[in-house]
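Novice:
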Amino acid sequence: MGAGGNRDPGKRPIMGAIAEKLSDKLVVTSDNPRFEDPKTIAEAVAAGAHSPEIVVDRREAIQEVFSRAGAADVILVAGKGHEDYQEVCGVKHHFSDAEEVEAALQSRMAKEKEEKSE
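Just so you know, the sequence shown maps onto residues 5 to 122 in the numbering used here.
1. By the three-class DSSP mapping on this structure, what secondary structure does valine 32 have?
2. Taking just the CA atoms, how far does leucine 30 sit from glutamate 68?
3. If you count every other CB in all the chains shown that lies within 10 Å of the CB of arginine 72, and 16 or more means buried, which is it?
4. Determine the extent of the beta strand (DSSP E) in which lysine 96 is found, giving its start and end residues.
5. Glutamate 91 lies in the beta strand (DSSP E); which residues open and close that run?
6. Three or more beta-carbon pairs under 8 Å between the segment 82 to 89 and the segment 43 to 56, yes or no?
7. Please report the distance separating the alpha-carbon of alanine 125 from that of proline 37.
8. Tell me the DSSP secondary structure of glutamate 64 in three-state form.
9. Counting only the same chain and skipping the five closest in sequence on each side, list residues whose C-beta sits under 6 Å from that of glutamate 104.
10. Quick one: what does DSSP say isoleucine 45 is sitting in, helix, strand or coil?
11. Answer with buried or exposed for alanine 46, where buried requires no fewer than 16 other C-beta atoms within 10 angstroms of its C-beta.
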């Protein structure tokens, strides 16, 4: 999960606290940092939690979570919703959570298939 830049910074640690309370593992990442430093935003969200992991690069965060998840785990990728971009310094760069989740699943399935054939 992440929090948008140039939005109410006071809610960031509250978001982190609630997300951690409702999950077994919290990974904080970027979500439209706009004109703010994405790491600073992620650290503010993480400040409300006890043991979050910060992976600033959203693509990397999604890949890591899916690669480590167990067979019975449920993963919630929260933040982007229907948006298909990351807004950084006034520029909207194409980025789709749905596409990244699909790629992470494909990568995981390929790895599992390879491990079974060894």
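Note that CB positions come from ideal geometry on N, CA and C, so glycine has one too.
Specialist: According to the structure data:
1. Position 28 of the sequence shown holds residue 32. It is a strand residue.
2. If you number the sequence shown from 1, residue 68 lands on position 64. If you number the sequence shown from 1, residue 30 lands on position 26. Cα to Cα, glutamate 68 sits roughly 12 Å from leucine 30.
3. To locate residue 72, count along the sequence shown from 1; it is residue 68. It is exposed - the Cβ of arginine 72 has fewer than 16 other Cβ atoms within 10 Å.
4. Numbered from 1 along the sequence shown, position 92 holds the residue referred to as residue 96. Lysine 96 -> beta strand (DSSP E) spans 95 to 98.
5. Position 87 of the sequence shown, counted from the start, is the residue given in the question as residue 91. Annotation for glutamate 91: the continuous beta strand (DSSP E) segment containing it runs 89 to 92.
6. Short answer: they don't touch.
7. It is not possible to answer for residue 125, since the shown part of the chain is limited to 5 through 122.
8. Taking the first residue of the sequence shown as 1, we reach residue 64 at position 60. Helix, per DSSP.
9. For the purposes of this step, residue 104 is identified with residue 100 of the sequence shown, where counting begins at 1. For glutamate 104, where only same-chain residues beyond five positions count, the Cβ hits under 6 Å are Arg63, Ile66.
10. Counting from 1 along the sequence shown, the entry for residue 45 is found at position 41. Reduced to three states, the DSSP call for isoleucine 45 is helix.
11. To locate residue 46, count along the sequence shown from 1; it is residue 42. It is buried - the Cβ of alanine 46 has at least 16 other Cβ atoms within 10 Å.
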